[in-house]
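Residue numbers (full-length UniProt numbering): 1 to 686.
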DNA sequence: GAGCACTGC
């Protein structure tokens, strides 16, 4: 740079202090700043406090700082703040470290799976709720925390719900004034002076704090004002029969009649998004030339991240951006520039049928709070408008809030963790909302069949305890334990890592043939599990050969290139590699026998049969399959390498209901292996 | 010959 220009740039020191000044100003202007004293007083006075704070109140970043300044971290103890999502934990921690003027990982840090920045001097610790649950397995009293703040509690994720039940117990066990023998495992341990009382703060964005307050014995609730711009809500006069068509019309109506500002449309899935995108692009040329400046940007979780990033780029000058999004834009991703929201009122949600042991995704109406959350996305930067594509009287009929996830999912993992935490009576556990008896019984039964529970329904030793230690689906944890006996733990580690992530195969519709040719060289005639291992090892071999020649940064680039060339989703494969590394560490610590079966894939397939005997299916004369455990008639999913082969007997990992009932991720096995390797179960069946 | 909202350990 020519030296004459140098004087025109502020030096780093001035830049730094200018930024700090701006941060301090922003901090002071937050609605929460004026109630610091009152909040601290309430926290001191109440063991449990519910804080209702609307979007933009600053509760997540400010309250931990208030409490630290007020001296709640004395004796080296920590304020823990849980978040349902990793990104939130990471970004908020970075922001707060900056506000405090400290290096991340010192006074302020975060800890999420695969990424822990905390140190001995960390006093404000942001983390995911699932991680705190794991910590409780090692430290049942959560003894290093003086305060635990559960943020975004209104989202009611499984982890948040279990955590609240657990924290209630921990608080009771740590309070010196209470003497009871009803607090699960805690009564087995002597109450000790070193466990100072634990303060709990439950933070929620939903206006209704009643459920939380009642759950915590009538806990005090305080409200904090948010900073949200007004959003006008519009309804249709009559019910729409086709909400995709209605969305399309509304997009064009806004585009032609309303002022500048981007549009966010909430659709239920990839297919709908792609079809609306196609329809817009078909209609666009029919508009007058000057009205054709619309930029369509899709976003959903399965989209490769480079394409996801397109939503953050501003539209070219004169263009209006239309974002077609799934629920990802409701909470996980905040998109700037949105002034108009179109909400057809539907969402794709998971549901679980304990009778059939089957999860499925179904399209259902949103709840009121979800509709509110969606409309709020139009008022982040200025006043906005939200178009709900249903009549107002339909809104009144919606459920107030979405059914908590814990009532819609398989509970095996939850129950295994609770058992490991010393909660033996699952039906009697104080859930904020109790799952159905049928769902609890079904999962208890499954855990029993996997050998995790004894006849008395207690955690078995060592199998049950080992399974609970592994952060995996219980059936995969069991597979690892068995694999060490079958001498194929190396193969099984790769398999369960890959089964734990989204599909690693990336097949864009327009390049179907190329993708197929690319992945063909990995496929095994025995089934999908060995095919997955082949991909994983091919990638490893490639990287090993290359990494001798280059550094880490370059390896990363080469990794992405390899994935792209082979039509592999690099995000999924990286995730699987992280899981593989983490679980490998766990099984080594547990002293399992880390051996390989080499080329003896028969041995590995026998191990698969022994592990997944609950998920076996046999071919029927018509060519369909019968799942042995539930008796359901299923088909092989077309993505399987066994789709055409149709072997007599298979084990599978997933049974999903879409247009048909499909099984996915399968391997060919011998029916006789099942009766040999799981005789208790197959004798019972016959 | 299909189609998979979103998180998380």
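We put the CB at the ideal spot given by N, CA and C, even for glycine.
Query: So who's on the other strand from residue 351, going by DSSP bridges?; Result: 360
Query: Can the beta-carbon of residue 80 be found less than 8 Å from the beta-carbon of residue 93?; Result: no
Query: In the structure shown, what three-state DSSP assignment does residue 77 receive?; Result: coil
Query: Do the stretch 147 to 163 and the stretch 395 to 407 make contact, defined as three or more Cβ pairs closer than 8 Å?; Result: yes
Query: Give me the residue from 247, 228, 301 with the minimum Cα distance to residue 269.; Result: 301
Query: What residue ranges within the stretch 368 to 418 form continuous beta strand (DSSP E) runs of no fewer than 3 residues, ordered along the chain?; Result: 384 to 388
Query: Tell me, please, which residues DSSP counts as bridged to residue 126.; Result: 81, 110
Query: Mind checking which residues open and close the alpha helix (DSSP H) that includes residue 601?; Result: 601 to 611
Query: May I ask you to list the residues that DSSP assigns as paired with residue 343?; Result: 388
Query: Would you list the residues sitting across from residue 365 in a DSSP beta bridge?; Result: 346
Query: With H, G and I counted as helix, E and B as strand and the rest as coil, what does DSSP make of residue 203?; Result: strand
Query: Am I right that residue 505 and residue 519 are in contact with their C-beta atoms under 8 Å? What's the rounded C-beta distance?; Result: 6 Å
Query: Using the three-state DSSP reduction, which class does residue 225 fall into: helix, strand or coil?; Result: coil
Query: Can you check whether the CB of residue 669 is closer than 8 Å to the CB of residue 641?; Result: no
Query: The alpha helix (DSSP H) spanning residue 693 covers which residue range?; Result: A question about residue 693 goes unanswered here, because the residues of the chain that appear run from 1 up to 686.
Query: Buried or exposed for residue 454, going by 16 or more other Cβ atoms inside 10 Å?; Result: exposed
Query: Spatial neighbours of residue 487 within its chain, please: C-beta separation below 6 Å, excluding the five flanking residues on both sides.; Result: 595, 597
Query: Along the chain, which unbroken stretches of the beta strand (DSSP E) at least 3 residues long are found entirely within the stretch 551 to 626?; Result: 616 to 619
Query: If residue 665 sits next to residue 648, beta carbons under 8 Å apart, how far is it from one beta carbon to the other, in whole angstroms?; Result: About 18 Å separates the two Cβ atoms, so there is no contact after all.
Query: Return yes when the Cβ of residue 652 is within less than 8 Å of the Cβ of residue 609, no when it is not.; Result: no
Query: Is it true that the stretch 230 to 243 meets the stretch 381 to 400, where meeting means three or more beta-carbon pairs spaced less than 8 Å apart?; Result: yes
Query: Short of 7 Å in beta carbon distance, which residues of its chain neighbour residue 223, apart from the five on each side in sequence? Order them along the chain.; Result: 52
Query: Nearest by alpha-carbon distance to residue 414: which of 440, 531, 582 is it?; Result: 440
Query: Compute the Euclidean distance between the alpha carbons of residue 289 and residue 545, then round it to the nearest angstrom.; Result: 55 Å
Query: Can you have a look at residue 124 and say buried or exposed, based on whether 16 or more other CB atoms are within 10 angstroms of its CB?; Result: buried
Query: Once DSSP output is grouped into helix, strand and coil, what is the label at residue 324?; Result: strand
Query: Which ranges does the beta strand (DSSP E) cover as unbroken runs of at least 3 residues, wholly within the stretch 219 to 292, from first to last along the chain?; Result: 220 to 224, 231 to 235, 262 to 266
Query: Only counting the same chain, and skipping five residues up and downstream in sequence, which positions put a Cβ closer than 6 Å to that of residue 387?; Result: 234, 250, 342
Query: Tell me the residue span of the beta strand (DSSP E) that contains residue 654.; Result: 649 to 657
Query: Which first and last residues belong to the alpha helix (DSSP H) in which residue 86 is found?; Result: 86 to 100
Query: Provide the residue(s) that pair with residue 664 in DSSP beta bridges, ordered along the chain.; Result: 654
Query: From residue 185 to residue 459, what does the alpha carbon distance come to, in whole angstroms?; Result: At residue 185, the pLDDT of 45 sits below 50, so the modelled position is not reliable; the number obtained from the coordinates is stated separately. Using only the alpha carbons, I get a separation of about 13 Å.
Query: Rounded to the nearest angstrom, what separates residue 369 and residue 584 at their Cα positions?; Result: 42 Å
Query: Considering only DSSP beta bridges, list what residue 147 is partnered with.; Result: 79, 199
Query: Less than 8 Å between C-beta atoms, sequence neighbours within five positions excluded: which residues of the same chain meet that for residue 712?; Result: Shown here, the chain extends from 1 to 686; a query on residue 712 therefore has no answer.
Query: Just confirm the distance between the C-beta atoms of residue 49 and residue 219, as a whole number of angstroms; I'd bet it's less than 8 Å.; Result: 7 Å
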